[in-house]
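Report on the following structure.
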Amino acid sequence: MSESAGRLFLAVDPPPDAVAELDSALQPLRAAPGAPRWTPPSRWHLTLLFLGDVPATALGPFTDAVAPAVAATPPMSLQLAGAGRFGSRRRPTVCWAGLSGDVAELTALALRLATAARAVGLPVEDRPFRAHLTLGRWRAGRDADGDLPDRLAGHRGPVWPVTEVVLWRSHLGSEPTYERVTAWPVG
5 MSESAGRLFL
15 AVDPPPDAVA
25 ELDSALQPLR
35 AAPGAPRWTP
45 PSRWHLTLLF
55 LGDVPATALG
65 PFTDAVAPAV
75 AATPPMSLQL
85 AGAGRFGSRR
95 RPTVCWAGLS
105 GDVAELTALA
115 LRLATAARAV
125 GLPVEDRPFR
135 AHLTLGRWRA
145 GRDADGDLPD
155 RLAGHRGPVW
165 PVTEVVLWRS
175 HLGSEPTYER
185 VTAWPVG
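Add 4 to a position in the sequence shown, counting from 1, and you land on the number used in my numbering.
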């Protein structure tokens, strides 16, 4: 069995002021009946590409392939804005914050990153990229208020420049943790 570099993903991280403002907007919803299991703000990332377990031998070629994909990215600004859910209103699965600003450029970056991963033989999910920040997940079989994201519809956080793409390694367990592997500057 080959050694693994771990469960990897590429992300853009919102700055602390944007995280704090969204966290504050979520406070009245945290204990609401039918709320999802909320993700702690320390684990909020805008995931561009989830890779899962990556063989250690693929890590170097992958990071080399990511560099030009990120370098081709123009300067971008984003804003956490609004919210929504994946799944139906009656059976929601994920509560998410939306984005405004240079979302088309972010989507193009996510596509280039997926192409870079495929070029070095890494499997990539075959579904369209949808820019969002996961706020929480509803558990199957539990009460779920699928209308709860509507209460964040008017949220507009600060506009912020995207300065880097980060390669994160996740460590699963009762309290998942993230380790920053490397990063590439944007713009």
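Here a beta-carbon is modelled for each residue, glycine too, at the ideal position from N, C-alpha and C.
Keep in mind the model is a prediction, meaning the values are calculated, not measured.
- In chain order, 40, 96, 97 and 148 place their CB closer than 7 Å to the CB of residue 142, counting only its own chain and leaving out the 5 sequence neighbours on each side.
- In this structure the segment 82-101 does not lie against the segment 57-69, because fewer than three pairs of beta carbons, one per stretch, are closer than 8 Å.
- Going by DSSP, residue 56 is part of the beta strand (DSSP E) stretching over 50-59.
- The straight-line gap separating the alpha-carbon atoms of residue 31 and residue 75 is approximately 37 Å.
- For residue 166, the three-state secondary structure derived from DSSP is strand.
- Minimum Cα-Cα distance from residue 121 among the listed residues 48, 52 and 191 corresponds to 52.
- When the beta-carbon positions are compared, residue 103 and residue 137 come within less than 9 Å of each other.
- The beta-bridge partner set that DSSP reports for residue 90 consists of 98.
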